[in-house]
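A.B. asks: Mind looking over this structure? Questions follow.
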Amino acid sequence: MKYTVDKTGYYGNFGGAYIPEMLYPNIEELRESYLSIIDSKEFEQQFNALLKDYVGRPTPLFKAERLSDKYGAHIYLKREDLCHTGAHKVNNTIGQIILAKKLGKQKIIAETGAGQHGVATATVCALMGMECVVYMGKVDMERQKPNVERMRILGATVQPATSGSQTLKDATNEAMRHWINNPTDTHYIIGSVVGPHPYPDMVARFQAVISEEIKFQLLEQTGSELPNYVLACVGGGSNAAGAFYHYLDKEEVHLVAVEAAGLGVASGESAATTALGKPGVLHGSKTLLMQTQDGQVVEPYSISAGLDYPGIGPMHAHLFDVGRVKFLNATDEEAMKAGIELSRLEGIIPAIETAHAFAALKQLNLGQNDVVVINLSGRGDKDLDTYIRWGKY
């Protein structure tokens with residue numbers, strides 16, 4: 128079965144480009160040129176050099192001995208938290224800023240939830256000397272203040288989104304509106320595997336460096352490049368897409384995505400899309416999303432600012448639909464406890480998004496010879512206020 132995008136921009140029943148007419152030229156320009164640009168030798172050399180010398184790749188694959196002892200398996204952590212800017216997001220922004228320059232764009236816009244993509248976008252705009260506007264929900268700006276200030280220090284304008292729940296969905300809406308009004312000189316760096324084709328494929332390709340590295344690092348450490356399990360948290364799904372990418376066709380590798388259940392899947396305060404969603408169109412693609420009977424988007428909720436998105440990327444919707452990826456979920460409480468557990472056992476404070484993936488360890492029936500890779504997608508510095516407010520440590 129094919130798990131990557133087809134020529135029409137679909138993953139099985141999901142994907143496509145559902146866009147207003149004003150954006151058609153932009154999307155067409157991207158669609159027609161992105162593959163030839165990113166497959167060129169010049170792009171590859173620049174991208175790989177920046178990943179190595181600026182981002183700090185390859186990131187380590189760390190055997191978490193105490194966590195392994197606790198769960199009775201061999202658990203490895205892919206340390207994306209050690210990337211420059213503190214999360215995997217920068218892999219994609221490096222790729223897209225080079226692409227934008229090659230397309231002759233002068234300005235960059237982005238959306239952000241937890242702020243990590245916003246910081247990564249502001250970072251590469253500073254690096255390349257480009258103007259940057261980041262849209263962020265007003266609620267997220269309050270709970271992720273350090274990242275807001277980082278973006279400002281880096282020279283970006285942070286624009287609050289004050290509609291709806293004032294979180295990631297609303298920031299994305301505002302960024303889309305901006306792009307519609309400024310289609311010729313502006314490139315929109317979407318931070319996840321969401322949006323109209325070719326964005327989901329493009330972002331997945333830039334993040335695929337994660338699983339590419341896992342393969343050779345595991346081979347080096349265990350003698351096999353194939354783990355039994357790969358775990359990642361999923362909001363829109365960029366870190367999971369990167370961690371899963373080179374294992375999609377390896378059916379013997381169990382791929383596990385963990386969504387945010389918030390206060391509980393049935394509580395009305397959740398972001399567990401695969402448990403609650405149905406097919407619909409959101410932010411330019413057909414995917415699974417949480418919606419009412421008459422198709423209105425349901426406001427998501429999670430303690431994590433990066434996972435409270437009402438949908439998932441179309442690639443993940445397809446992987447769920449065909450059963451290639453097992454989707455689990457973790458509540459706020461479970462994720463926070465898992466974050467503290469990792470901190471105490473391994474001396475690593477994870478981002479709250481990432482902590483959801485660790486919470487799923489309890490839900491797996493692991494054997495003592497199983498090799499498990501968890502994509503540690505971000506560090507917890509940005510979440511210290513949330514950890515402090517939660518306070519149960």
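For the record, in the sequence shown the residue sitting at position 196 is 323 according to my numbering, with numbers rising by one throughout. All C-beta atoms in this analysis are idealised placements derived from N, C-alpha and C, irrespective of residue type, glycine included.
(1) Count Cβ pairs between the stretch 398-405 and the stretch 416-425 that sit closer than 8 Å; are there 3 or more?
(2) Would you call the CB atoms of residue 287 and residue 257 closer than 9 Å?
(3) Do residue 364 and residue 502 have their CB atoms nearer than 9 Å?
(4) Given that a residue counts as buried once 16 or more other Cβ atoms are within 10 Å of its Cβ, and exposed if not, what is residue 356?
(5) Given 8 Å as the limit, is there contact between the stretch 271-279 and the stretch 311-328, that is, 3 or more CB pairs closer than that?
(6) To the nearest angstrom, report how far apart residue 296 and residue 235 are at their CA atoms.
(7) Short check: CB of residue 291 to CB of residue 263, under 9 Å?
(8) Report yes if the C-beta distance between residue 220 and residue 250 is below 9 Å; otherwise report no.
(9) Do the stretch 430-442 and the stretch 336-356 meet, that is, are 3 or more Cβ pairs less than 8 Å apart?
(10) Could you check which residue in 512, 204, 157, 138 has the C-alpha nearest to that of residue 481?
(11) Counting Cβ pairs, one atom from each stretch, are 3 or more of them under 8 Å apart for the stretch 442-455 and the stretch 174-191?
(12) Comparing alpha-carbon positions, which option in 367, 474, 390, 157 lies nearest residue 189?
(13) Please name the residue or residues paired with residue 236 in a DSSP beta bridge.
(14) Quick check: the Cα distance between residue 350 and residue 344, rounded to an integer number of angstroms?
(15) Any idea what DSSP makes of residue 399, helix, strand or coil?
(16) On the DSSP bridge assignment, give the partners of residue 360 in chain order.
(17) So residue 455 is in the beta strand (DSSP E); what residue range does that whole segment cover?
(18) Please identify the residue among 509, 374, 198, 325 whose C-alpha is closest to the C-alpha of residue 487.
(19) Measuring alpha carbon to alpha carbon, tell me which of 484, 228, 146, 233 ends up nearest residue 362.
(20) Which one of 466, 325, 381 has the shortest CA to CA distance from residue 511?
(21) Do residue 389 and residue 458 have their CB atoms nearer than 9 Å?
(22) For the candidate residues 187, 140, 395, 150, whose alpha-carbon lies nearest to that of residue 347?
(23) Assign residue 332 to buried or exposed, taking buried as 16 or more other Cβ atoms, counted over all protein chains shown, within 10 Å of its Cβ.
(24) Are there 16 or more other CB atoms within 10 angstroms of the CB of residue 172, so buried, or fewer, so exposed?
(25) How big is the Cα-Cα spacing for residue 319 and residue 441?
(26) Which residue comes first and which comes last in the beta strand (DSSP E) that contains residue 285?
(27) Since residue 130 contacts residue 375 with CB under 8 Å, what's their CB separation in whole angstroms?
(28) Thinking just about the alpha-carbon of each residue, which of 500, 462, 493 is nearest to the one in residue 507?
(29) Just verifying my parser: in three-state terms, what is the DSSP assignment at residue 271?
(30) Between 504, 153, 519, 245, which lies nearest to residue 385 when the distance is taken from Cα to Cα?
(31) Less than 9 Å separating the beta-carbons of residue 393 and residue 452?
(32) Leaving out the 5 sequence neighbours to the left and right, which residues in its chain are closer than 6 Å to residue 327 when beta-carbon positions are compared?
(33) Measuring only the C-alpha atoms, how far is residue 496 from residue 200?
(34) Taking the beta strand (DSSP E) that residue 201 belongs to, which residues open and close that run?
C.D. replies: So, from the data block:
(1) yes
(2) For the purposes of this step, residue 287 is taken as the residue at position 160 of the sequence shown. For the purposes of this step, residue 257 is taken as the residue at position 130 of the sequence shown. No.
(3) Reading the sequence shown from its first residue, position 237 is the one you call residue 364. Reading the sequence shown from its first residue, position 375 is the one you call residue 502. Not closer than 9 Å, so no.
(4) Translated into positions along the sequence shown, residue 356 becomes position 229. So residue 356 ends up on the buried side.
(5) The stretch 271-279 makes no contact with the stretch 311-328; the number of CB pairs closer than 8 Å stays below 3.
(6) Position 169 of the sequence shown holds residue 296. Position 108 of the sequence shown holds residue 235. Answer to the nearest angstrom: the Cα atoms are 19 Å apart.
(7) Here residue 291 refers to the residue found at position 164 of the sequence shown. Here residue 263 refers to the residue found at position 136 of the sequence shown. Against a cut-off of 9 Å, the Cβ pair of residue 263 and residue 291 comes out as no contact.
(8) For the purposes of this step, residue 220 is taken as residue 93 along the sequence shown, with counting starting at 1. For the purposes of this step, residue 250 is taken as residue 123 along the sequence shown, with counting starting at 1. Cβ atoms of residue 220 and residue 250: closer than 9 Å.
(9) no
(10) To locate residue 481, count along the sequence shown from 1; it is residue 354. Residue 481 has its Cα closest to that of 204, out of 512, 204, 157, 138.
(11) no
(12) Taking the sequence shown and counting its residues from 1, the one referred to as residue 189 is at position 62. When only C-alpha atoms are compared, the closest one is 474.
(13) As a first step, residue 236 is located in the sequence shown; it is residue number 109 there, counting from the start. BP columns for residue 236 point to 260, 315.
(14) For the purposes of this step, residue 350 is taken as residue 223 along the sequence shown, with counting starting at 1. For the purposes of this step, residue 344 is taken as residue 217 along the sequence shown, with counting starting at 1. Computed Cα separation, rounded: 9 Å.
(15) As a first step, residue 399 must be located in the sequence shown, where it is residue number 272. In this structure, DSSP gives residue 399 a state outside helix and strand, which the three-state scheme calls coil.
(16) On the sequence shown, position 233 is the one that residue 360 refers to. Looking at the DSSP assignment, residue 360 forms a beta bridge with 385.
(17) Here residue 455 corresponds to residue number 328 of the sequence shown, with the count starting at 1. Its beta strand (DSSP E) spans residues 452-458.
(18) The residue labelled residue 487 in the question sits at position 360 within the sequence shown. When only C-alpha atoms are compared, the closest one is 198.
(19) Within the sequence shown, residue 362 is the residue found at index 235, counting from 1. Out of 484, 228, 146, 233, 484 has the C-alpha closest to the C-alpha of residue 362.
(20) The count along the sequence shown starts at 1 and reaches residue 511 at position 384. The option with the nearest alpha carbon to residue 511 is 466.
(21) Indexing the sequence shown from 1 puts residue 389 at position 262. Indexing the sequence shown from 1 puts residue 458 at position 331. Yes. Within cutoff.
(22) Here residue 347 corresponds to residue number 220 of the sequence shown, with the count starting at 1. When each option's Cα is compared against that of residue 347, the closest is 187.
(23) On the sequence shown, residue 332 is found 205 positions in, with the first residue counted as 1. Looking at its Cβ environment, which holds 16 or more other Cβ atoms inside 10 Å, residue 332 is buried.
(24) Indexing the sequence shown from 1 puts residue 172 at position 45. Residue 172 is exposed by the Cβ-count criterion.
(25) Working through the sequence shown from its first residue, we reach residue 319 at position 192. Working through the sequence shown from its first residue, we reach residue 441 at position 314. Each residue's alpha carbon lies about 11 Å from the other.
(26) Looking up residue 285 in the sequence shown gives position 158. That run of the beta strand (DSSP E) goes 284-288.
(27) Along the sequence shown, one-based indexing puts residue 130 at 3. Along the sequence shown, one-based indexing puts residue 375 at 248. Rounded, the Cβ-Cβ distance is 4 Å, consistent with contact.
(28) Taking the sequence shown and counting its residues from 1, the one referred to as residue 507 is at position 380. That would be 462, whose Cα lies nearest to the Cα of residue 507.
(29) Position 144 of the sequence shown, counted from the first residue, corresponds to residue 271. Correct three-state label for residue 271: coil.
(30) The residue you call residue 385 lines up with position 258 of the sequence shown. It is 504.
(31) Within the sequence shown, the letter at position 266 stands for residue 393. Within the sequence shown, the letter at position 325 stands for residue 452. No. Outside cutoff.
(32) One-based indexing of the sequence shown puts residue 327 at position 200. The residues are 320, 440, 441, 442.
(33) In the sequence shown, residue 496 corresponds to position 369, counting from 1. In the sequence shown, residue 200 corresponds to position 73, counting from 1. Their backbone Cα atoms lie some 6 Å apart in a straight line.
(34) Within the sequence shown, numbered from 1, the residue matching residue 201 stands at position 74. Residues 201-206.
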